[in-house]
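I have placed the structure first, in the form of structure tokens, so that the comments after it can refer back to it.
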């Protein structure tokens, strides 16, 4: 006797006792053969809410051309930024996204630690808005200088907000990881080492 995919998924949902993943068992797929979505509940809704808040904060305050140039100058790994962006682009959660969430959270933790240790002490000089800047007043774009001045003023506060969101998100992602391990599904294809300190140029 053959059981249709639709009945299999329904049976998995009804029999699942997981508070978070529910239907996310190893072979559960939808009608198109794609990986099963994470069952919606308070925790998964909270994850998506935090991702939206993090995305807005990161896009508006850190993902800027001149700041990205500074990160590159200070040798912050572009691969970590890519992992952060991939996580912040998530709008729905599938089982395959657990690794993306884990990598993104780790990436944001590295970004925050890097920014506090290496960027914040030299931010005014590097962005050309201090008395020690090598840029002459004649060549400085005043509107850009105002924007950068506000950015520097708000930088510690925005880092604190970023860290607060990450601290709320991390245990929720940890719960998803624990459920994925129980389902014996491999969502960790690679391991990434921590980013190295910036090199002097």
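Residue numbers (this note's numbering): 7 to 207.
From the three backbone atoms N, C-alpha and C, an ideal C-beta is built for every residue, glycine too.
As the structure is a prediction and not an experimental result, all values here were calculated from the model.
In this structure, the straight-line span from the alpha carbon of residue 168 to that of residue 188 is close to 30 Å. Between the C-alpha atoms of residue 120 and residue 129 there is a straight-line separation of about 12 Å. Exposure of residue 79 is indicated by the presence of fewer than 16 other C-beta atoms within 10 angstroms of its C-beta. For the pair residue 90 and residue 101, the Cα-to-Cα distance works out to about 18 Å.
By the Cβ neighbour-count rule, residue 186 is buried, with 16 or more other Cβ atoms within 10 Å of its own.
If you draw a straight line from the Cα of residue 112 to the Cα of residue 155, it is about 29 Å long.
Around residue 151, the same chain offers 135 as residues with beta carbons nearer than 6 Å, after the five sequence neighbours per side are excluded. Going by C-alpha positions, residue 122 is about 15 Å away from residue 74. Spatial neighbours of residue 174 in its own chain (CB-CB distance under 7 Å, excluding positions within 5 residues in sequence) are listed in chain order as 56. Taking C-beta atoms under 8 Å as the contact rule, residue 172 and residue 108 fail to qualify, at a distance of about 12 Å.
Under the DSSP definition of a beta bridge, residue 100 partners with 43. The beta carbon of residue 103 sits closer than 7 Å to the beta carbons of 96 from its chain, once the five residues preceding and following it are set aside; these are given in chain order. Put simply, the backbone Cα of residue 87 is about 15 Å away from that of residue 125. When C-alpha distances from residue 72 are compared across 115, 92, 132, the shortest belongs to 132. Per the C-alpha coordinates, the member of 160, 85, 105, 81 positioned closest to residue 68 is 160. Residue 162 carries a helical assignment under DSSP once its states are collapsed to helix, strand and coil. Under a 10 Å Cβ-count criterion, residue 50 is classified as buried, with 16 or more other Cβ atoms of the shown protein chains found around its own Cβ.
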